[in-house]
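Colleague: Going down the list, the protein sequences come from chains W and D. Heads up: the first sequence is residues 1 to 380, going by the UniProt record's numbering. Heads up: the second sequence is residues 1 to 380, going by the UniProt record's numbering. Where is the CB? At the ideal position from N, CA and C, for every residue including glycine.
There are 2 protein chains.
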Amino acid sequence: MADELKRGLEGVLVAESDLSYVDGEVGKLVYRGYDIEDLARGASYEEVLYLLWHGSLPTAAELDAFAADLAAEREVDDDVIETVRALAGAGERPMAALRTATSMLSAYDPDDEADAGEATLRQGRRITAKIPTVLAAFERVRQGEEPVAPDPDLSHAGNFLYMLTGTEPDDVSEETFDMALTLHADHGLNASTFTAMVIGSTMADVYSGVTGGIGALSGPLHGGANQDVMEVLHEVDASSKDPVQWVKDARDDGRRVPGFGHRVYKVKDPRANILEEKLRDLAESSGDTKWLDYTTAIEEYLTEQGLVEEGIAPNVDFYSGSVYDSLGIPVDMYTPIFAMSRVGGWIAHVAEYQEDNRLIRPRARYTGPEDSEFVPLDER
Amino acid sequence: MADELKRGLEGVLVAESDLSYVDGEVGKLVYRGYDIEDLARGASYEEVLYLLWHGSLPTAAELDAFAADLAAEREVDDDVIETVRALAGAGERPMAALRTATSMLSAYDPDDEADAGEATLRQGRRITAKIPTVLAAFERVRQGEEPVAPDPDLSHAGNFLYMLTGTEPDDVSEETFDMALTLHADHGLNASTFTAMVIGSTMADVYSGVTGGIGALSGPLHGGANQDVMEVLHEVDASSKDPVQWVKDARDDGRRVPGFGHRVYKVKDPRANILEEKLRDLAESSGDTKWLDYTTAIEEYLTEQGLVEEGIAPNVDFYSGSVYDSLGIPVDMYTPIFAMSRVGGWIAHVAEYQEDNRLIRPRARYTGPEDSEFVPLDER
Numbered sequence: 001m002a003d004e005l006k007r008g009l010e011g012v013l014v015a016e017s018d019l020s021y022v023d024g025e026v027g028k029l030v031y032r033g034y035d036i037e038d039l040a041r042g043a044s045y046e047e048v049l050y051l052l053w054h055g056s057l058p059t060a061a062e063l064d065a066f067a068a069d070l071a072a073e074r075e076v077d078d079d080v081i082e083t084v085r086a087l088a089g090a091g092e093r094p095m096a097a098l099r100t101a102t103s104m105l106s107a108y109d110p111d112d113e114a115d116a117g118e119a120t121l122r123q124g125r126r127i128t129a130k131i132p133t134v135l136a137a138f139e140r141v142r143q144g145e146e147p148v149a150p151d152p153d154l155s156h157a158g159n160f161l162y163m164l165t166g167t168e169p170d171d172v173s174e175e176t177f178d179m180a181l182t183l184h185a186d187h188g189l190n191a192s193t194f195t196a197m198v199i200g201s202t203m204a205d206v207y208s209g210v211t212g213g214i215g216a217l218s219g220p221l222h223g224g225a226n227q228d229v230m231e232v233l234h235e236v237d238a239s240s241k242d243p244v245q246w247v248k249d250a251r252d253d254g255r256r257v258p259g260f261g262h263r264v265y266k267v268k269d270p271r272a273n274i275l276e277e278k279l280r281d282l283a284e285s286s287g288d289t290k291w292l293d294y295t296t297a298i299e300e301y302l303t304e305q306g307l308v309e310e311g312i313a314p315n316v317d318f319y320s321g322s323v324y325d326s327l328g329i330p331v332d333m334y335t336p337i338f339a340m341s342r343v344g345g346w347i348a349h350v351a352e353y354q355e356d357n358r359l360i361r362p363r364a365r366y367t368g369p370e371d372s373e374f375v376p377l378d379e380r
Numbered sequence: 001m002a003d004e005l006k007r008g009l010e011g012v013l014v015a016e017s018d019l020s021y022v023d024g025e026v027g028k029l030v031y032r033g034y035d036i037e038d039l040a041r042g043a044s045y046e047e048v049l050y051l052l053w054h055g056s057l058p059t060a061a062e063l064d065a066f067a068a069d070l071a072a073e074r075e076v077d078d079d080v081i082e083t084v085r086a087l088a089g090a091g092e093r094p095m096a097a098l099r100t101a102t103s104m105l106s107a108y109d110p111d112d113e114a115d116a117g118e119a120t121l122r123q124g125r126r127i128t129a130k131i132p133t134v135l136a137a138f139e140r141v142r143q144g145e146e147p148v149a150p151d152p153d154l155s156h157a158g159n160f161l162y163m164l165t166g167t168e169p170d171d172v173s174e175e176t177f178d179m180a181l182t183l184h185a186d187h188g189l190n191a192s193t194f195t196a197m198v199i200g201s202t203m204a205d206v207y208s209g210v211t212g213g214i215g216a217l218s219g220p221l222h223g224g225a226n227q228d229v230m231e232v233l234h235e236v237d238a239s240s241k242d243p244v245q246w247v248k249d250a251r252d253d254g255r256r257v258p259g260f261g262h263r264v265y266k267v268k269d270p271r272a273n274i275l276e277e278k279l280r281d282l283a284e285s286s287g288d289t290k291w292l293d294y295t296t297a298i299e300e301y302l303t304e305q306g307l308v309e310e311g312i313a314p315n316v317d318f319y320s321g322s323v324y325d326s327l328g329i330p331v332d333m334y335t336p337i338f339a340m341s342r343v344g345g346w347i348a349h350v351a352e353y354q355e356d357n358r359l360i361r362p363r364a365r366y367t368g369p370e371d372s373e374f375v376p377l378d379e380r
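Spelled out as structure tokens, the structure:
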């Protein structure tokens with residue numbers, strides 16, 4: 001047994017997985033061997049969930065049954081909505097509200113607690129179906145509006161936008177949001193997925209794993225970068241500077257431009273390419289090209305400056321913020337939407353790991369004092 | 001970079017820690033160098049929290065200030081109690097209810113969300129103070145009684161028993177429960193502590209880390225063994241067999257006796273020795289020696305059978321159940337009480353890790369298909 005310290009577990013192989021693979025050198029992401037571009041363009045988020053959870057893309061009949069089962073699980077108990085109201089009233093942050101509401105859902109789950117491992121996919125389907133409902137309810141209550149009940153006839157993506165705004169989205173909005181969900185559904189063993197696996201390895205129910213995953217994703221070192229990009233774009237807008245001039249000045253001040261560079265990708269993130277295209281569609285459809293103009297100008301400028309050649313290329317977050325903003329989604333809901341998509345991956349990894357489960361329990365090297373002599377309180 | 005698969009991360013060193021050390025060969029557990037026996041017998045749980053969080057045992061003045069700060073944080077917002085009522089009404093399991101209520105507490109925390117790392121110990125103190133309040137409230141509501149407000153003049157241990165039962169505990173009960181809290185406060189990098197660290201490594205707030213830890217501890221492969229022991233003792237009792245005969249028959253049927261054997265300890269768990277003593281005190285004080293008689297007889301019999309020599313010795317769970325039962329605590333609250341103690345260790349590990357933080361992100365070996373050819377839905 002090597003006693004080498006593996007800080008951050010970098011490079012440590014903890015499991016085998018059939019779920020997703022990232023090749024950062026060529027900018028490739030696959031789910032079960034399918035290229036993310038093919039899936040984003042050709043499959044719905046429901047098909048992607050089926051693929052991740054059941055191992056293959058569904059036939060039309062399989063998809064109909066699966067999507068109907070998922071849609072039938074969207075409603076949440078009134079008690080959960082009451083807690084969501086309390087959280088909104090207390091000014092809770094959206095990710096923390098989502099963590100609490102998701103944890104609470106387990107109280108209303110019909111599965112027997114003793115069946116944790118076997119029930120993972122059934123409970124996971126319920127969680128995935130209900131997360132959009134609690135998120136949209138939180139957002140509406142926070143805005144002083146009443147929650148909108150889910151519509152089982154709409155797609156997963158379309159229903160979320162409907163519950164958020166109260167009106168059915170147009171086709172380009174629904175398609176774009178569906179694509180964003182597919183793009184974020186899985187990405188190897190990031191910190192939130194690993195959190196869900198560690199929790200799942202105790203054979204705790206998948207509500208515990210997903211709640212833990214939401215907690216991990218809420219950390220500024222994990223989720224939240226798309227929010228940073230959008231905040232910068234708003235800052236550019238408010239500055240009334242040309243975006244390229246703003247970036248020049250920001251870099252002169254030693255600021256890093258968010259949305260560029262990735263721990264894994266050394267070339268442009270394949271997800272960024274797809275979202276850039278959708279941002280273009282949205283801009284054409286609405287006639288408002290501001291974010292498209294800004295992001296295009298900034299990407300061109302930073303590419304000219306040689307950043308992309310150095311491996312600091314646009315990542316998925318560089319475009320997702322503008323896309324969400326164009327869909328009318330508030331900035332602090334971006335990370336919760338990431339969770340709403342990634343929950344599919346968390347559940348898939350927990351289910352896969354539990355099939356050949358082993359409790360995840362590393363060690364720490366003890367560096368504290370030896371043989372401290374105990375002195376009672378009255379002699380200290 | 002070795003590409004060896006480290007299943008369960010067994011033996012992998014992920015961090016250095018000054019907090020606790022377990023020597024399973026000689027049956028030794030230390031917190032910051034202090035022997036667990038000295039701490040359990042000579043220090044209160046509040047002193048142990050101070051030791052784990054601040055690095056040394058407090059002076060009398062430091063302890064007064066620390067305990068007063070902790071006691072002042074016991075009350076929880078009415079909204080949280082309302083959610084606890086809803087969870088009890090829905091028949092939620094105690095660990096899941098604790099997970100939800102703890103997550104919800106963050107909505108009422110006065111610290112700024114941007115200060116996650118720096119705020120860990122302040123927020124941790126609030127969480128540690130409030131967990132007993134939500135647990136006792138849940139238990140009372142579940143029993144059809146009203147929650148009892150915390151009493152800031154009682155100790156952490158004494159106040160919990162008071163909130164649970166509505167009457168101030170006698171000295172031996174308070175001392176015993178305080179000792180049980182100290183014994184469970186930390187134990188190296190178990191799965192729940194590691195979960196809290198992984199979440200904390202994203203610089204998420206400590207509510208996320210503790211909520212994740214509770215989720216991990218709820219798994220049957222982690223918490224819950226003291227509950228198993230008590231269930232067996234009740235089964236023995238109901239069988240009207242002699243306990244030794246019951247164990248003989250159970251072993252003939254291939255059943256494992258819970259509370260014996262531990263992944264780390266090869267000799268009798270030092271925590272078991274201390275709890276055995278307290279069980280004796282409680283039996284003397286109440287005159288009811290049943291659980292003491294049963295556990296003593298079973299331990300003697302299994303020792304004679306050579307189990308202890310083979311390294312399958314009584315662990316902490318073998319005695320803790322009987323102790324909790326003697327204090328009038330229901331069986332399904334044992335794991336939540338474990339959480340109520342271990343939260344001190346979770347917070348200490350998160351705070352320690354964040355001081356020299358590095359995002360925890362291992363890898364998975366991709367074993368899925370390569371280059372799957374995408375076929376559109378209407379051609380599948």
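(1) Using three-state DSSP, classify W:Lys248 as helix, strand or coil.
(2) Say whether the region 288 to 302 of chain D touches the region 187 to 202 of chain D, bearing in mind that this needs 3 or more beta-carbon pairs closer than 8 Å, one atom from each stretch.
(3) Taking the Cβ atom as the reference point for each residue, do D:Ser320 and D:Leu292 lie within a distance shorter than 7 Å?
(4) Would a C-beta distance cut-off of 7 Å place W:Met333 and W:Pro132 closer than the cut-off?
(5) Under 7 Å between the Cβ atoms of D:Val14 and D:Ala196?
(6) Suppose only complete runs of 4+ residues qualify. What are the alpha helix (DSSP H) ranges in the region 146 to 174 of chain W, listed by chain order?
(7) Taking the beta carbon of W:Asp3 as the centre, do at least 16 other beta carbons fall within 10 Å, making it buried, or is it exposed?
(8) Between W:Ala97, W:Phe260, W:Phe338, which lies nearest to W:Ser192 when the distance is taken from Cα to Cα?
(9) Please tell me whether D:Thr367 has its Cβ less than 7 Å away from any Cβ of chain W.
(10) In chain order, which beta strand (DSSP E) runs of at least 3 residues are fully inside the region 307 to 375 of chain D?
(11) Please state the DSSP three-state secondary structure of D:Tyr265.
(12) Beta-carbon separation of W:Ala225 and W:Asp317 under 7 Å?
(13) Checking 7 Å against the spacing of the C-beta atoms, do W:Ser17 and D:Ala88 come in under that value?
(14) If the cut is a Cβ gap below 9 Å, which residues of chain W does D:Glu370 touch?
(15) Answer yes or no: do D:Phe177 and D:Leu189 have a C-beta to C-beta separation smaller than 7 Å?
(16) Give the straight-line distance between the Cα atoms of D:Met1 and W:Tyr294, rounded to the nearest whole angstrom.
(17) Counting pairs of beta carbons, one from the region 86 to 101 of chain W and one from the region 131 to 147 of chain W, are three or more of them closer than 8 Å?
(18) How would you call D:Gly344, buried or exposed, if buried means at least 16 neighbouring beta carbons within 10 angstroms?
(19) Let me check understanding here. Comparing Cα to Cα, which of W:Ala348, W:Ala40, W:Arg263 lies closest to W:Gly122?
(20) On the DSSP letters alone, give me the boundaries of the beta strand (DSSP E) that W:Tyr108 sits inside.
(21) List the DSSP bridge partners of W:Ser240.
(22) Assign W:Thr128 to buried or exposed, taking buried as 16 or more other Cβ atoms, counted over all protein chains shown, within 10 Å of its Cβ.
(23) Evaluate D:Asp205 with the Cβ neighbour count: other Cβ atoms within 10 Å of its Cβ, from every protein chain shown; 16 or more gives buried, anything less gives exposed.
(24) Please compile the residues from chain W whose C-beta is within a distance smaller than 7 Å of the C-beta of D:His222.
(25) So what does D:Tyr21 bridge to, in DSSP terms?
(26) By DSSP, does D:Asp35 sit in helix, in strand, or in coil?
(27) Give the DSSP-derived three-state secondary structure of D:Glu284 in the structure shown.
(28) Around the Cβ of D:Gly306, are there at least 16 other Cβ atoms within 10 angstroms (buried) or fewer (exposed)?
(29) In chain W, which residues lie less than 7 Å from D:Leu9 when you measure between Cβ atoms?
(30) With 7 Å set as the bound, which would you pick, yes or no: does the beta-carbon of W:Arg380 sit closer than that to a beta-carbon of chain D?
(31) Pull out every residue of the region 68 to 100 of chain W whose Cβ sits closer than 8 Å to any Cβ of chain D, in chain order.
(32) Okay, do the region 35 to 43 of chain W and the region 171 to 186 of chain W touch, 3+ Cβ pairs below 8 Å being the bar?
(33) Just to confirm my understanding: we take D:Ala313, look at its own chain, exclude 5 residues before and 5 after, and list those with CB closer than 6 Å. What are they?
Modeller: So, from the data block:
(1) helix
(2) The region 288 to 302 of chain D is not in contact with the region 187 to 202 of chain D.
(3) no
(4) no
(5) no
(6) 156 to 165
(7) Answer is exposed; the Cβ neighbour count stays below 16.
(8) W:Phe338
(9) yes
(10) List check, beta strand (DSSP E) in window: 363 to 366.
(11) coil
(12) yes
(13) W:Ser17 places its beta carbon 7 Å or farther from that of D:Ala88.
(14) Neighbours of D:Glu370 on chain W, chain order: Tyr21, Val30, Gly33.
(15) Contact flag unset, no.
(16) At D:Met1 the pLDDT is 44, less than 50, meaning the model places this residue with poor confidence and gives no usable figure here.
(17) Yes, the region 86 to 101 of chain W touches the region 131 to 147 of chain W.
(18) buried
(19) The amino acid at residue 122 of chain W is misidentified as Gly; the sequence shows Arg. For the residues W:Ala348, W:Ala40, W:Arg263, the minimum Cα distance to W:Arg122 belongs to W:Ala348.
(20) Neither: W:Tyr108 is in no beta strand (DSSP E) and is coded neither H nor E.
(21) Looking at the DSSP assignment, W:Ser240 forms no beta bridge with any residue, so it has no partner.
(22) buried
(23) buried
(24) Thr202
(25) D:Val30
(26) strand
(27) helix
(28) It counts as exposed.
(29) For a Cβ distance threshold of 7 Å, residue set Val14, Ile360, Arg361, Pro362 of chain W lies close to D:Leu9, ordered along the chain.
(30) yes
(31) Asp77, Asp79, Glu82, Thr83, Ala86, Leu87, Gly89, Ala90, Gly91, Glu92, Arg93, Ala96, Ala97, Arg99, Thr100
(32) yes
(33) Val267, Lys268
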